[in-house]
Structure formats: C-alpha cells, structure tokens
Amino acid sequence: MGLFDSIAGQVAGALGGQSGAGGNAALIQAAMSLINSPQIGGLQGLIAKFQQGGLGEVMASWLGSGPNLPISGDQIKAVFGAEQIGGVAQQVGMSSQEVSSGLASLLPQLIDTLSPDGKAPEGDALQAAMGVLGGLMKS
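Per this note's numbering, the sequence shown starts with residue 9, numbered consecutively.
See below:
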C-alpha cells in the first residue's frame, strides 16, 4: 500500500496551510467525491472539463512527469462551476473561496500522484486508488 500512503501524505501536505488537518481530510474527501460525481465523470471527465475550459495544458502538466503548472481558485471555480464549489463548501464547512483555493492546491498533487507513469489511471485502478485514499483520510 506504499502508493496509497504516498498519495495521502502528499495530498495532505499540499494543503498544510488550509484549515487544519480535519479540514484537509474533509476537503480531500469532498474533492474525490466531486471528481467521481456524475457531473464530472471521474478523472477522464475532469480532464475533458479542463480541456473544454482552455486549461488542458495545466492538466497535462499534472499528469506528466515534469513540474506542475499552477492554477488559481478562480480557474477552479470556472472549471467546476460556482454551484458545485458552493456545494462542497457547505459539505466541508468552508467558504467557497477557501474551497476554490484549497482545490487549487490539492488537485495538482492529487492528479500528479494518481498518475505516476504520466497517464491517467482508468476504471478500476482509479476507483481503487480513490477508495483507499478515502479510507486513509477517515482514519
């Protein structure tokens, strides 16, 4: 389970300055739920949303082995939509701005860690990774 421990550690570290450890875990779980929601459709759907929003190059940097390009909270809100960000904010007890900023820090690390070979995991591999990560965040 070394990969999953690594994912949990890196993702939690990415949010080190955001709302304490409990807020980090809640935001990580909410991000995973958001990515797997019917509106997004998993990692492949997220990649498509970024491409449609003109941020395909940013997503490609997260998937690739080079440095991750940054993203702003406003860009995150544009990709997901204010309604979905607001829903996550209610779920985790943060403001929409805190969620957008947190996701801007979280997603590059999460996507980069989930794609160690430079490609998005597909199907069962992604679901297994997200499920184990969710379990680690609860403990």
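Glycine included, each C-beta is placed from N, C-alpha and C at the ideal position.
Straight-line Cα distance separating S80 from G95: 19 Å
Where K127 falls: helix, strand or coil (DSSP): Of the three classes helix, strand and coil, the one that applies to K127 here is coil, per DSSP.
S108 and D82 closer than 9 Å at C-beta: yes
Simplified DSSP state of M67, which is helix, strand or coil: helix
Limits of the alpha helix (DSSP H) - the one that Q110 falls within: Residue identity differs from the one stated: residue 110 is Gly in this sequence, not Gln. Residues S104 to L122.
Same chain, Cβ closer than 8 Å to S103, neighbours up to 5 away in sequence not counted: A97
DSSP-derived helix/strand/coil call for G89: Note: G89 maps to coil in three-state DSSP.
Closest by C-alpha distance to A86, when choosing among Q60, L51 and G101: Q60
CA-to-CA distance, L77 to A38, given in whole angstroms: When only Cα atoms are considered, A38 and L77 end up about 22 Å apart.
The alpha helix (DSSP H) enclosing L51, as first and last residue numbers: G50 to Q60
For K127, the nearest candidate out of A68, P75 and N32 (CA to CA): A68
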